[in-house]
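Asks: Protein chains in written order, with this note's numbering: chain A, 14 to 592; chain B, 14 to 592.
A virtual CB, placed ideally from N, CA and C, is assigned to each residue, including glycine.
There's a structure below that I have some questions on.
There are 2 protein chains.
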Amino acid sequence: MKIHLHQTNFTIADFDSARDYLFKIFEEKKEGLHLFPEMFLTGYPLQDICLHKQFIDRYLETVSEINKFLKKRKEKGITCLIGGLDYTMDQEGLPLQIRNVAFKAEAGSELRPIYTKRLLPNYDIFDEEKYYHPGDECAIEKINGKNIAIMICEDMWPSSMHPIDPGLDLKIYAEKKNIKVDLVVNLSASPWHIGKDQKRIKRGSEISKLLHAPFIYVNKVGGEDEILFDGGSFVVAGDNVIDGLKRFAPDYKEIEIPLFSEEKAKSNKPYEMTNTWESLFKAELKPGTPPTLNEWTDKECEEALLALRFGIQEYAKKCGFKKFLVALSGGMDSALVLTIVRIILEEGQEVEAIYMPGLYSATMSYELSFELCKNLGIRLTSLPIKFFHSAIRNSYKENFKESMEGLADENIQSRMRGALLYAHSNQKNSMVLNTSNKSEIAVGYSTLYGDSVGAISVLGDIYKSNVFTLAKYINKKFENIIPEGIITRPPSAELREGQEDSQSLPPYERLDAMLEGMLSYRLSTKDLIEKGFSEEEVNKVYGLYTRSEFKRFQFCPIIKLNAKSFGFGYRVPICKKRY
Amino acid sequence: MKIHLHQTNFTIADFDSARDYLFKIFEEKKEGLHLFPEMFLTGYPLQDICLHKQFIDRYLETVSEINKFLKKRKEKGITCLIGGLDYTMDQEGLPLQIRNVAFKAEAGSELRPIYTKRLLPNYDIFDEEKYYHPGDECAIEKINGKNIAIMICEDMWPSSMHPIDPGLDLKIYAEKKNIKVDLVVNLSASPWHIGKDQKRIKRGSEISKLLHAPFIYVNKVGGEDEILFDGGSFVVAGDNVIDGLKRFAPDYKEIEIPLFSEEKAKSNKPYEMTNTWESLFKAELKPGTPPTLNEWTDKECEEALLALRFGIQEYAKKCGFKKFLVALSGGMDSALVLTIVRIILEEGQEVEAIYMPGLYSATMSYELSFELCKNLGIRLTSLPIKFFHSAIRNSYKENFKESMEGLADENIQSRMRGALLYAHSNQKNSMVLNTSNKSEIAVGYSTLYGDSVGAISVLGDIYKSNVFTLAKYINKKFENIIPEGIITRPPSAELREGQEDSQSLPPYERLDAMLEGMLSYRLSTKDLIEKGFSEEEVNKVYGLYTRSEFKRFQFCPIIKLNAKSFGFGYRVPICKKRY
Numbered sequence: 014m015k016i017h018l019h020q021t022n023f024t025i026a027d028f029d030s031a032r033d034y035l036f037k038i039f040e041e042k043k044e045g046l047h048l049f050p051e052m053f054l055t056g057y058p059l060q061d062i063c064l065h066k067q068f069i070d071r072y073l074e075t076v077s078e079i080n081k082f083l084k085k086r087k088e089k090g091i092t093c094l095i096g097g098l099d100y101t102m103d104q105e106g107l108p109l110q111i112r113n114v115a116f117k118a119e120a121g122s123e124l125r126p127i128y129t130k131r132l133l134p135n136y137d138i139f140d141e142e143k144y145y146h147p148g149d150e151c152a153i154e155k156i157n158g159k160n161i162a163i164m165i166c167e168d169m170w171p172s173s174m175h176p177i178d179p180g181l182d183l184k185i186y187a188e189k190k191n192i193k194v195d196l197v198v199n200l201s202a203s204p205w206h207i208g209k210d211q212k213r214i215k216r217g218s219e220i221s222k223l224l225h226a227p228f229i230y231v232n233k234v235g236g237e238d239e240i241l242f243d244g245g246s247f248v249v250a251g252d253n254v255i256d257g258l259k260r261f262a263p264d265y266k267e268i269e270i271p272l273f274s275e276e277k278a279k280s281n282k283p284y285e286m287t288n289t290w291e292s293l294f295k296a297e298l299k300p301g302t303p304p305t306l307n308e309w310t311d312k313e314c315e316e317a318l319l320a321l322r323f324g325i326q327e328y329a330k331k332c333g334f335k336k337f338l339v340a341l342s343g344g345m346d347s348a349l350v351l352t353i354v355r356i357i358l359e360e361g362q363e364v365e366a367i368y369m370p371g372l373y374s375a376t377m378s379y380e381l382s383f384e385l386c387k388n389l390g391i392r393l394t395s396l397p398i399k400f401f402h403s404a405i406r407n408s409y410k411e412n413f414k415e416s417m418e419g420l421a422d423e424n425i426q427s428r429m430r431g432a433l434l435y436a437h438s439n440q441k442n443s444m445v446l447n448t449s450n451k452s453e454i455a456v457g458y459s460t461l462y463g464d465s466v467g468a469i470s471v472l473g474d475i476y477k478s479n480v481f482t483l484a485k486y487i488n489k490k491f492e493n494i495i496p497e498g499i500i501t502r503p504p505s506a507e508l509r510e511g512q513e514d515s516q517s518l519p520p521y522e523r524l525d526a527m528l529e530g531m532l533s534y535r536l537s538t539k540d541l542i543e544k545g546f547s548e549e550e551v552n553k554v555y556g557l558y559t560r561s562e563f564k565r566f567q568f569c570p571i572i573k574l575n576a577k578s579f580g581f582g583y584r585v586p587i588c589k590k591r592y
Numbered sequence: 014m015k016i017h018l019h020q021t022n023f024t025i026a027d028f029d030s031a032r033d034y035l036f037k038i039f040e041e042k043k044e045g046l047h048l049f050p051e052m053f054l055t056g057y058p059l060q061d062i063c064l065h066k067q068f069i070d071r072y073l074e075t076v077s078e079i080n081k082f083l084k085k086r087k088e089k090g091i092t093c094l095i096g097g098l099d100y101t102m103d104q105e106g107l108p109l110q111i112r113n114v115a116f117k118a119e120a121g122s123e124l125r126p127i128y129t130k131r132l133l134p135n136y137d138i139f140d141e142e143k144y145y146h147p148g149d150e151c152a153i154e155k156i157n158g159k160n161i162a163i164m165i166c167e168d169m170w171p172s173s174m175h176p177i178d179p180g181l182d183l184k185i186y187a188e189k190k191n192i193k194v195d196l197v198v199n200l201s202a203s204p205w206h207i208g209k210d211q212k213r214i215k216r217g218s219e220i221s222k223l224l225h226a227p228f229i230y231v232n233k234v235g236g237e238d239e240i241l242f243d244g245g246s247f248v249v250a251g252d253n254v255i256d257g258l259k260r261f262a263p264d265y266k267e268i269e270i271p272l273f274s275e276e277k278a279k280s281n282k283p284y285e286m287t288n289t290w291e292s293l294f295k296a297e298l299k300p301g302t303p304p305t306l307n308e309w310t311d312k313e314c315e316e317a318l319l320a321l322r323f324g325i326q327e328y329a330k331k332c333g334f335k336k337f338l339v340a341l342s343g344g345m346d347s348a349l350v351l352t353i354v355r356i357i358l359e360e361g362q363e364v365e366a367i368y369m370p371g372l373y374s375a376t377m378s379y380e381l382s383f384e385l386c387k388n389l390g391i392r393l394t395s396l397p398i399k400f401f402h403s404a405i406r407n408s409y410k411e412n413f414k415e416s417m418e419g420l421a422d423e424n425i426q427s428r429m430r431g432a433l434l435y436a437h438s439n440q441k442n443s444m445v446l447n448t449s450n451k452s453e454i455a456v457g458y459s460t461l462y463g464d465s466v467g468a469i470s471v472l473g474d475i476y477k478s479n480v481f482t483l484a485k486y487i488n489k490k491f492e493n494i495i496p497e498g499i500i501t502r503p504p505s506a507e508l509r510e511g512q513e514d515s516q517s518l519p520p521y522e523r524l525d526a527m528l529e530g531m532l533s534y535r536l537s538t539k540d541l542i543e544k545g546f547s548e549e550e551v552n553k554v555y556g557l558y559t560r561s562e563f564k565r566f567q568f569c570p571i572i573k574l575n576a577k578s579f580g581f582g583y584r585v586p587i588c589k590k591r592y
């Protein structure tokens with residue numbers, strides 16, 4: 014039997030495209046078993062919109078169009094397993110129960126839900142128990158004479174937080190019914206983070222060995238605001254990785270049903286959990302006194318670049334932007350963002366840079382920005398804010414009868430820049446890329462409505478230490494495209510005379526390790542002190558972190574690269590006791 | 014037996030204050046049964062911080078201090094039922110399971126969890142299934158010879174989304190064990206919205222009649238970012254409301270154990286659901302063709318004022334602000350916000366107003382702002398942006414070789430105001446109150462980083478029609494303190510010559526009704542057209558709504574007044590197909 018892997022990328026709620034894609038399979042008479050991602054018909058993650066009447070109306074219309082189509086078709090030998098939602102309505106036509114299911118689509122009959130997802134992830138960025146009702150049965154479907162065991166995404170990840178293990182249940186069920194499983198398929202919409210794709214393959218192999226059958230994993234592709242779905246569908250039989258699809262791109266493959274070699278299936282260790290709730294929130298620290306952050310390897314840098322390319326492009330395309338806009342400061346973060354955007358630029362897209370020097374901007378900041386833009390072949394426009402800043406100072410003094418001082422005088426510069434940047438963005442309909450890094454966001458070392466602005470944050474899930482690592486990696490790969498001076502100069506916000514980050518923050522080496530410990534949930538301030546950080550520094554960093562929640566609350570979406578990141582999976586109250 | 018109702022308000026994670034409050038009860042030898050709110054020891058809602066090692070360390074320390082204290086005490090006849098969390102840890106000292114429990118505290122023994130909350134709300138603003146493990150048993154505790162049945166918050170609200178009904182279970186359990194229930198207590202942390210307090214009492218009465226025992230409800234008080242807990246604890250026996258505690262303020266009462274009159278308990282209708290998932294998302298529309306929004310009654314206006322006072326004050330106090338700052342435009346929204354702040358001002362607090370006229374600000378805008386501030390006795394400072402605006406236009410033209418136009422030229426004015434407002438806020442350490450209303454937020458009729466800025470939004474859960482209703486109510490109550498001209502002039506953003514809201518939006522009367530229909534989840538565009546709205550207007554409004562998700566994503570916390578509001582309980586992806 015032929016198996017078709019459809020690794021698709023459709024915008025959330027783009028019902029027409031999903032429907033037409035499905036119709037084509039029958040129109041082109043492609044025989045075999047067609048596998049689609051989880052919630053192919055609707056998109057994922059839907060959050061609240063799966064409850065909206067507007068969404069439900071359009072979705073049910075599509076389902077009924079598909080049913081009408083299928084009933085008229087005559088093609089034999091085409092079976093599609095499609096992820097979608099199965100609604101049960103109340104008398105008022107509102108959802109009483111929603112199931113995340115695999116539909117079977119064949120010519121001559123309507124869509125039939127044959128399996129309901131059993132494990133609903135409900136941690137970090139996941140809220141599936143909020144919306145969906147779990148299934149309580151295994152499904153082994155006979156298709157073309159073959160026994161196909163079905164799973165949906167999380168079903169392959171049993172853990173201490175889930176009461177059941179659908180893989181093991183499938184084994185017991187098959188044995189009881191005396192069914193020889195020929196193939197296990199998993200329809201997925203699995204968010205990516207660095208390293209996760211490898212864990213999936215490892216786990217797929219374990220399930221293959223458990224059920225003595227090949228395992229096919231079909232994952233969706235898509236950048237959904239901050240969350241990336243990398244595709245990377247694969248086929249394993251025991252320890253053999255037989256096939257793999259593209260990463261971060263739609264793909265399609267037709268394969269023969271793979272064989273499972275019983276001989277090789279001897280070292281059976283199927284219950285090693287590799288990616289559970291428990292392992293998700295593990296601080297990525299390198300032992301030492303004090304420990305340091307794990308710096309990214311070249312491979313991780315490459316992976317991050319791939320993901321950032323995808324995340325930026327997906328947001329731009331799904332929101333209809335063809336132009337990008339970056340504010341350069343002469344510092345590391347904005348230089349890296351601009352370089353990344355330049356590297357990933359596609360035909361028909363443009364990127365512009367603005368440099369907005371203030372009273373405290375060093376000449377070097379302009380020179381380095383200019384040099385960078387020359388290297389990248391990007392037009393740089395200067396829009397000095399010195400004059401506006403002075404004018405505001407004067408007007409403030411005149412009207413309030415006192416001088417603008419300290420933080421007020423520092424922040425107004427950053428906010429002027431935010432306003433001017435967005436004026437140009439409005440004028441050109443370009444997408445502003447935020448340039449804050451994870452360390453800054455964690456300690457609130459940024460100005461709300463100032464340098465924190467943007468449509469999406471590129472570096473918001475990268476600690477400053479790894480911002481440098483990634484810059485150096487890019488320079489290795491692209492012949493020192495980022496001027497060395499940008500990488501080596503001491504970080505500064507240039508909002509007052511002689512300001513340097515090191516006046517307000519511990520060195521990034523220590524800061525980042527402390528932050529990772531705190532943000533992973535694993536380490537308390539007490540733990541950090543025990544690990545060799547100074548009590549003074551730990552308390553200072555914890556204070557900065559906990560007092561800046563209000564800034565993160567209003568932050569733009571951050572492209573998610575790590576298991577634990579700010580954004581949708583990070584929910585912390587603003588008002589709380591600080592200790 | 015004496016019953017003590019402790020309607021407390023402690024900041025989230027303020028363990029020391031909760032502990033000391035508890036100690037005092039034993040030190041003052043207050044005999045009887047002491048009832049505390051749900052999660053009294055920790056605060057609520059905790060969101061992710063209940064998983065943070067930092068939080069857990071401090072909480073467990075507090076629990077062990079309390080245990081040490083209790084074991085040493087000798088007072089007889091004091092029993093406390095306290096809401097708190099019961100952690101089960103894994104080998105690494107991280108939470109394996111967290112239970113939302115009622116602890117029993119008595120002299121001579123440690124805190125003992127005697128009941129675990131059974132129904133975990135997991136809709137809208139609630140994510141309890143994400144964090145907590147549900148209980149599966151009833152608890153009827155013998156205290157001082159009386160049988161006390163225990164519930165925690167949601168346990169009293171069975172619905173089609175919950176598989177069980179703890180009230181009914183209690184009845185069955187009591188009958189099976191042949192226990193006569195003497196009292197039902199509910200320890201609550203129940204977020205408020207307009208009208209909910211009345212529903213609670215009605216439901217409490219139903220449970221009292223079901224179990225043939227008085228029902229005591231102890232609710233927490235607190236403004237937790239956008240969510241308000243109103244207290245309003247009460248005692249009912251059958252249809253009799255015996256006692257009630259303050260609303261939106263901490264309170265304490267000592268009462269005798271109430272009696273339940275068997276005679277009166279005849280008309281037994283305990284299973285009318287009054288406040289379920291199903292009723293929560295009901296559009297508040299008044300029938301008509303097309304329907305209109307339900308305008309607030311005087312009682313609802315008074316209730317909203319009470320809630321806004323509480324929400325603003327709680328945020329200010331918990332974040333340490335003593336000064337408020339409002340940008341006046343001469344329009345209705347900012348005038349109402351300033352008036353509300355003035356009305357609620359407490360000793361030691363100040364409020365300032367800034368008026369920042371631009372090129373298109375009418376003279377009337379200044380005159381009305383001035384008149385309002387005179388009425389309110391508030392200092393108004395003018396900080397004109399005309400000059401900055403012209404300077405930016407010139408500089409933009411000089412550097413970009415083109416004129417700033419359209420949206421760019423409109424928005425820069427709003428963003429300049431945002432920047433200047435925050436400059437003054439930084440200078441004075443004052444809390445900026447956002448002045449956007451719910452209609453504007455819904456259709457994106459505001460400038461991101463411009464008029465959308467603020468620490469907290471006062472009107473963000475009030476449709477424009479009700480903004481007017483509330484203003485008129487205040488004028489009735491406070492002798493036309495808001496100049497009539499502000500209420501009657503046509504709404505305008507004054508960002509271009511002759512601009513009026515009505516050029517871009519349908520009249521608020523229709524707009525608000527359409528929005529409420531859409532946002533309640535209950536009505537699709539098709540439904541709205543069927544109800545008599547024009548197809549063109551409906552599609553326009555839906556388009557504006559769905560395209561402005563990116564603005565809501567970065568919006569400040571909005572004080573929640575309605576069952577369905579923007580904010581934490583509203584989660585919608587930015588990138589999605591628009592139809």
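Please report how far the alpha carbon of residue 386/B lies from the alpha carbon of residue 439/A, in whole angstroms.
Replies: Locating residue 386/B in the second sequence gives position 373, where the first residue counts as 1. Locating residue 439/A in the first sequence gives position 426, where the first residue counts as 1. In a straight line, the C-alpha of residue 386/B is about 34 Å away from that of residue 439/A.
Asks: Once you ignore the five residues that flank residue 202/A on each side, which residues in its own chain have a CB closer than 8 Å to its CB?
Replies: Working through the first sequence from its first residue, we reach residue 202/A at position 189. For residue 202/A, where only same-chain residues beyond five positions count, the Cβ hits under 8 Å are 50, 51, 52, 57, 58, 96, 166, 232, 233, 242.
Asks: Between the region 550 to 577 of chain A and chain B, which residues of the former have a C-beta closer than 8 Å to a C-beta of the latter?
Replies: If the cut-off is 8 Å between Cβ atoms, the region 550 to 577 of chain A has 555, 563, 566, 567, 568, 569, 570 near chain B.
Asks: State buried or exposed for residue 376/A, treating a residue as buried only when at least 16 other CB atoms are found within 10 Å of its CB.
Replies: As a working note, residue 376/A is residue 363 in the first sequence. Exposed, by the Cβ-count rule.
Asks: Quick one: give me the first and last residue of the alpha helix (DSSP H) that residue 47/A is part of.
Replies: As a working mapping, residue 47/A is identified with position 34 in the first sequence. Taken as a continuous stretch (DSSP letters only), residue 47/A belongs to no alpha helix (DSSP H), being part of the beta strand (DSSP E) at 45 to 48.
Asks: Pairs of beta-carbons, one from the region 257 to 273 of chain A and one from the region 141 to 154 of chain A, closer than 8 Å: are there three or more?
Replies: No contact exists between the region 257 to 273 of chain A and the region 141 to 154 of chain A.
Asks: Helix, strand or coil for residue 76/B per DSSP?
Replies: Position 63 of the second sequence, counting from 1, holds the residue named residue 76/B. If DSSP states are grouped into helix, strand and coil, residue 76/B belongs with the helices.
Asks: Let me see if you follow: with CB-CB separation under 9 Å, is residue 65/A close to chain B or not?
Replies: Taking the first sequence and counting its residues from 1, one reaches residue 65/A at position 52. It does: the Cβ of residue 65/A has a partner Cβ on chain B nearer than 9 Å.
Asks: What residue range does the alpha helix (DSSP H) around residue 265/B cover?
Replies: In the second sequence, residue 265/B corresponds to position 252, counting from 1. From DSSP, residue 265/B is part of no alpha helix (DSSP H) but of the beta strand (DSSP E) over 264 to 269.
Asks: Are there 16 or more other CB atoms within 10 angstroms of the CB of residue 392/B, so buried, or fewer, so exposed?
Replies: Taking the first residue of the second sequence as 1, we reach residue 392/B at position 379. That one is exposed.
Asks: Which class does residue 419/A belong to by DSSP, given the choice of helix, strand or coil?
Replies: Residue numbering aside, residue 419/A sits at position 406 when the first sequence is read from its first letter. Note: residue 419/A maps to helix in three-state DSSP.
Asks: Residues of chain A with a CB under 8 Å from the CB of residue 418/B: which are they?
Replies: Walking along the second sequence from the start, residue 418/B turns up at place 405. Those within 8 Å of residue 418/B in chain A are 440.
Asks: I need the straight-line Cα distance from residue 485/B to residue 315/B, nearest angstrom please.
Replies: Walking along the second sequence from the start, residue 485/B turns up at place 472. Walking along the second sequence from the start, residue 315/B turns up at place 302. Roughly 12 Å between the two C-alpha positions.
Asks: Based on Cα-Cα distance, which residue from 417/A, 119/A, 411/A lies nearest to residue 83/A?
Replies: In the first sequence, the residue the question calls residue 83/A occupies position 70. Ranking 417/A, 119/A, 411/A by Cα distance to residue 83/A puts 119/A first.
Asks: Starting from the beta carbon of residue 586/A, find every residue of chain B whose beta carbon is closer than 8 Å, and list them in chain order.
Replies: For the purposes of this step, residue 586/A is identified with residue 573 of the first sequence, where counting begins at 1. Within chain B, the residues near residue 586/A are 25, 58, 59, 60, 62, 237, 238.
Asks: Just by C-beta distance, which residues in the region 126 to 148 of chain B are closer than 8 Å to chain A?
Replies: If the cut-off is 8 Å between Cβ atoms, the region 126 to 148 of chain B has 135, 136, 140, 142, 143 near chain A.
Asks: Is residue 160/A closer than 9 Å to residue 194/A when the C-beta atoms are compared?
Replies: Within the first sequence, residue 194/A is the residue found at index 181, counting from 1. Within the first sequence, residue 160/A is the residue found at index 147, counting from 1. Yes.
Asks: Please go through the same chain and pick out, in chain order, the residues whose beta-carbon is closer than 7 Å to the beta-carbon of residue 533/B, but skip the five residues on each side of it.
Replies: The residue labelled residue 533/B in the question sits at position 520 within the second sequence. Only 294, 295, 296, 577 meet the Cβ criterion.
Asks: List the endpoints of the continuous alpha helix (DSSP H) containing residue 302/B.
Replies: Stepping through the second sequence from its first residue, residue 302/B is reached at position 289. Segment: none, residue 302/B is in no alpha helix (DSSP H) and carries neither H nor E.
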